[in-house]
Amino acid sequence: MSLHRAEISWRLEGDFASGRFSRAHRWRFDGGLDMPASASPAVMPSPMSDPQAVDPEEAFVAAIASCHMMSFLHVARLEGVAVTTYHDAAVGRMARLGPGRHWVERVDLNIRAEFEGAAPDPARQEAMHAAAHALCFIANSVKSEIVVNLI
């Protein structure tokens, strides 16, 4: 199969020994995109985090939502259903896993899709999303519960 790469770069700003240092860093992807990243402000308060940068938890939720969307568009095309717009306001929920340990226990995909012509009935849309979920590379790679909510 294929390989997927990311480069993560960080440089000390602040006092490492006290823990009061910035977690801001850079993500660079194989296509050339270079973007700011940081710890989540929910995990590490500013100034040790950058609230304007993407954080790993957001990226995790976005990866699941993006992969599901692409899988859904594939399923819809195969079934002859033309999707004209797709919007997902995905939300990940963190939970305690144990002392000092947390995880993203659930990701809700809150999806609104529009179709060319008449929309498939709700049961067919749910079946299409179930098929998309089964095909999604990212969903197949994580233990978090993924819930599809059709808006």
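The sequence shown runs contiguously to residue 1250 in this note's numbering.
No residue lacks a Cβ here, since even glycine has one placed at the ideal position from N, Cα and C.
Candidates the options, of which the one nearest residue i by Cα
i: A1164; options: G1199, V1206, G1179; result: V1206
i: A1188; options: E1157, V1142, S1137; result: E1157
i: S1137; options: P1146, D1129, G1130; result: P1146
i: A1124; options: A1230, C1235, I1107; result: Ala is not the amino acid found at residue 1124; the sequence shown has His there. For the residues A1230, C1235, I1107, the minimum Cα distance to H1124 belongs to I1107.
i: R1176; options: A1230, P1221, G1197, S1243; result: A1230
i: M1063; options: G1130, H1173, F1236, D1114; result: No statement about residue 1063 is possible, as the shown extent of the chain runs from 1100 to 1250 and does not include it.
i: M1134; options: V1241, A1105, D1220, P1198; result: A1105
i: A1212; options: P1155, E1112, D1114, V1247; result: V1247
i: H1103; options: G1113, E1244, G1130; result: G1130
Terminal residues of the beta strand (DSSP E) in which residue i lies
i: M1168; result: Segment 1155-1177 is the alpha helix (DSSP H) holding M1168; no beta strand (DSSP E) there.
i: L1208; result: 1200-1214
i: H1186; result: 1182-1187
i: G1197; result: 1190-1197
Residue range of the alpha helix (DSSP H) that includes residue i
i: W1112; result: Checking the sequence, you will find Glu at residue 1112 rather than Trp. No alpha helix (DSSP H) holds E1112; DSSP gives it neither H nor E.
i: R1223; result: 1221-1234
Inter-residue Cα distance where the pair is residue i and residue j
i: A1116; j: R1110; result: 14 Å
i: A1141; j: F1120; result: 16 Å
i: E1215; j: T1184; result: 9 Å
Buried or exposed by the 16-neighbour rule on C-beta atoms within 10 Å, applied to residue i
i: R1122; result: buried
i: M1227; result: buried
i: F1171; result: buried
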